[in-house]
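**Q** Taking the numbering used here, the leading residue of the sequence shown gets -17, the next gets one more, and so forth.
Note that beta-carbon positions come from the ideal geometry of N, C-alpha and C, so glycine has one too.
Note that the coordinates shown come from a computational prediction; the quantities given were computed from them, not determined experimentally.
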Amino acid sequence: QVEPLRFRVVWLTEDMIGESDQTSYFWKNVPDIFPDLSDPATIGCLLALVREAWPAGEATTNVHANYSPERGHYRQWSCYYCTGGDWRQALADTEAEALVAALEAAP
């Protein structure tokens, strides 16, 4: 006997998630849904958005070893992007934060 085909569908509205598994469906209220900024796919999407926002050059990210008397030794991420006339960098504690800072600086 062949098992019936099973599938799961998930969809989003502004503040709800819907889900169906062929036998039932339901909605969950999720007013504060945020992307997972540690997910590699999310980082890739943010980088694509930065490159779209700053098309004059290929935006990149890099991590640096830093030191300050207040923080001691720490890692700092930078996102390098070109404004069309010069290269700039957005600095942050995480790669996602650096990408978001570059997006926030976009015209």
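1) If you count every other CB in all the chains shown that lies within 10 Å of the CB of Ser50, and 16 or more means buried, which is it?
2) Please list, in chain order, all residues of the same chain as His55 whose beta carbon is under 6 Å from its beta carbon, the five residues on each side excluded.
3) Give the secondary structure of Arg70 by DSSP, where H, G and I count as helix, E and B as strand, and everything else as coil.
4) I need the boundaries of the beta strand (DSSP E) containing Gly54, first residue and last residue.
5) Is Thr24 helix, strand or coil when you go by DSSP?
**A** To lay it out plainly:
1) exposed
2) Tyr49
3) strand
4) 54 to 64
5) Of the three classes helix, strand and coil, the one that applies to Thr24 here is helix, per DSSP.
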